[in-house]
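All remarks here apply to the structure that follows.
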Amino acid sequence: MGRRLVISDIHGCSKTLTALLEKINLSEDDTLYFLGDYIDRGPDSSGVLDIIIDLQKTYSAIFPLMGNHEYQMLQAEKEYDEKYFYFYVKQLAKSKDLLNKKRKLRKTYRKFMESLPFFIETDDFFMVHAGFDFKKKKPFKDIDGILNIRGFKYDKEKAKGKTIIIGHNPTEFHKIEKKIKKNKKIIYLDNGCIYTKPHKLYDYTKLGKLCCYNLDTRELICRKNIDV
Ligand SMILES: [Mn+2]
Numbered sequence: 293m294g295r296r297l298v299i300s301d302i303h304g305c306s307k308t309l310t311a312l313l314e315k316i317n318l319s320e321d322d323t324l325y326f327l328g329d330y331i332d333r334g335p336d337s338s339g340v341l342d343i344i345i346d347l348q349k350t351y352s353a354i355f356p357l358m359g360n361h362e363y364q365m366l367q368a369e370k371e372y373d374e375k376y377f378y379f380y381v382k383q384l385a386k387s388k389d390l391l392n393k394k395r396k397l398r399k400t401y402r403k404f405m406e407s408l409p410f411f412i413e414t415d416d417f418f419m420v421h422a423g424f425d426f427k428k429k430k431p432f433k434d435i436d437g438i439l440n441i442r443g444f445k446y447d448k449e450k451a452k453g454k455t456i457i458i459g460h461n462p463t464e465f466h467k468i469e470k471k472i473k474k475n476k477k478i479i480y481l482d483n484g485c486i487y488t489k490p491h492k493l494y495d496y497t498k499l500g501k502l503c504c505y506n507l508d509t510r511e512l513i514c515r516k517n518i519d520v
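Residue numbers for the sequence shown follow my numbering, so the first one is 293 and each next one is one higher.
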């Protein structure tokens, strides 16, 4: 039996992802989930997508999920006019490298992003980018909650007692460890790898690692950001 591993928000940090993957030393038996937010903010969105697309070609059990940034990118191309879409991608998302010469998303990337599921359920876990709004009638159909919710409450009945693994919320490292140690039903995995400098909302000294969680041994393998 291989390992079951989960990696959260990468945000364009391709070198850090490569370094983490070296540390993980993936084998053919392993299953690897990604919790979304591969793109934007960091220097190399296309590089991160290339790595994951390549992993999917090499290994049989690579499961990337949708993040709010991928969803927003796809929506932006559909809804914005050409000029504003370019402004959005270049200035706001900082992911110009996802575009072709015609300033459209490169086909490989659009196809990849369109293929992403909103969550994955196993016998004992849910993997999802942000979480589930259990106050809603159909939390598993509520895309806004799945991609954007913060601080949701666990619902044992609706979650069928399964542990929910999420990203999306930059979480201080000791708090990630604490929830794992306490065997919490919601495990936060995002250590805000992109936040390596003073920030108005976050204490960057407790962030800045890209983490990989082993669902069975409950160990974390992390790599300090080397991109920004
Ligand atoms: Mn997010």
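C-beta: ideal position from N, C-alpha, C; glycine also.
Here Ile472 is not near Ile457, since their CB atoms are 8 Å or more apart. Contact between Ile513 and Lys307 does not hold, since the beta-carbon distance rounds to 16 Å and is not under 8 Å. By the neighbour-count criterion, in which 16 or more other beta carbons inside 10 Å mark a residue as buried, Leu384 falls on the exposed side.
When rounded, the separation of the alpha-carbon atoms in Lys399 and Val340 is 15 Å. Two segments are said to touch when three or more pairs of C-beta atoms, one from each, lie closer than 8 Å; by this definition the region 436–451 does not touch the region 486–504. Between Arg333 and the set Ile441, Lys382, Asn475, the nearest pair of CA atoms involves Lys382. Short of 8 Å from the beta carbon of Ile435, and not among the five residues preceding or following it, lie these beta carbons of its own chain, in chain order: Tyr363, Phe410. The criterion of a C-beta distance shorter than 8 Å is satisfied by Asp416 and Lys454.
When only Cα atoms are considered, Leu439 and Glu369 end up about 18 Å apart.
If you draw a straight line from the Cα of Glu320 to the Cα of Val298, it is about 15 Å long. Around the beta carbon of Met293, fewer than 16 other beta carbons sit within 10 angstroms, so the residue counts as exposed.
When distances are taken from the beta-carbon of Asn317 to the heavy atoms of ligand 1, even the shortest one reaches 7 Å or more. Around the beta carbon of Leu493, a 10 Å sphere encloses fewer than 16 other beta carbons of the protein chains shown; the residue is thus reported as exposed. With contacts defined as CB atoms closer than 8 Å, Phe465 and Lys501 qualify as a contacting pair. Here the distance from the Cβ of His460 to the nearest heavy atom of ligand 1 is below 7 Å.
Judged by beta-carbon spacing, Leu507 lies within the 8 Å limit of Arg296, meaning their Cβ atoms are closer than that value.
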